[in-house]
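Using this note's numbering, read the sequence shown as starting at 2 and increasing by one per residue.
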Amino acid sequence: MTRSTRPSSLTRHWTPRAIVFLVLAIIGLVGTWTYNVIAILQRNDFLGDWFNNGPAVSSLTTDLLIMAVAGCAFIVIEGRRLGMRHLWAYIVFSGLTAIAFTFPLFLANRERRLAELAIADRAEGMAPS
Numbered sequence: 002m003t004r005s006t007r008p009s010s011l012t013r014h015w016t017p018r019a020i021v022f023l024v025l026a027i028i029g030l031v032g033t034w035t036y037n038v039i040a041i042l043q044r045n046d047f048l049g050d051w052f053n054n055g056p057a058v059s060s061l062t063t064d065l066l067i068m069a070v071a072g073c074a075f076i077v078i079e080g081r082r083l084g085m086r087h088l089w090a091y092i093v094f095s096g097l098t099a100i101a102f103t104f105p106l107f108l109a110n111r112e113r114r115l116a117e118l119a120i121a122d123r124a125e126g127m128a129p130s
């Protein structure tokens, strides 16, 4: 492949599954931050509203918190297994943006890494011994 026909690093390894996860990440970011901005503009007690609105909200809070912890553990374990870098950023930014953004973003980049490793394995298998 010549330099002009080789895919750039931005487009390389974007499988359909990776694109689905990227779209989910974007929806997660826009969906959560729409409400975060509304709460900020209205000067709401964000955490107070979250924790003090009854059992249904508490159930959802617990559900999401456990999912977030499990998701962060998966990011670290799976990311290390695949040799991915900057795993800490997904966890830090989940607190600054939303786990609904960072977890699908991790999954998109995981798919890209899996595609990259598959290509490397095929190339290694074709190398003369």
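Think of the CB as a built atom: it goes at the ideal place given N, C-alpha and C, for glycine as much as any other residue.
Might you give, ordered along the chain, the residues of its own chain that have their beta carbon closer than 6 angstroms to the beta carbon of residue i, omitting 5 neighbours on each side?
{"i": "THR33", "result": "ALA99, ALA101"}
{"i": "THR6", "result": "Because the pLDDT at THR6 is just 49, under 50, the model does not fix this residue reliably, and the point stays unresolved."}
{"i": "ALA19", "result": "ALA109, GLU112, ARG113"}
Buried or exposed: residue i, going by 16 or more other Cβ atoms within 10 Å of its Cβ?
{"i": "PHE52", "result": "exposed"}
{"i": "PHE47", "result": "exposed"}
{"i": "TYR91", "result": "buried"}
{"i": "ILE41", "result": "exposed"}
{"i": "GLY72", "result": "buried"}
{"i": "ILE78", "result": "exposed"}
{"i": "SER60", "result": "exposed"}
{"i": "ILE39", "result": "exposed"}
{"i": "ILE67", "result": "exposed"}
Along the chain, where does the alpha helix (DSSP H) containing residue i start, and where does it finish?
{"i": "PRO17", "result": "17-42"}
{"i": "GLY84", "result": "No alpha helix (DSSP H) holds GLY84; DSSP gives it neither H nor E."}
{"i": "THR103", "result": "100-127"}
{"i": "ASP50", "result": "47-52"}
Near residue i, which residues of its chain fall below 8 angstroms by C-beta distance, leaving aside the five closest residues on each side in sequence?
{"i": "LEU97", "result": "none"}
Using a Cβ-Cβ cutoff of less than 7 angstroms, which residues in the same chain neighbour residue i once the five nearest sequence positions on both sides are dropped?
{"i": "PHE22", "result": "PRO105, LEU108, ALA109, GLU112"}
At least three beta-carbon pairs within less than 8 angstroms, the region 20-31 to the region 104-123: Yes, the region 20-31 touches the region 104-123.
Inter-stretch contact at 8 angstroms, needing at least 3 Cβ pairs: the region 112-126 / the region 76-92 = A contact exists between the region 112-126 and the region 76-92.
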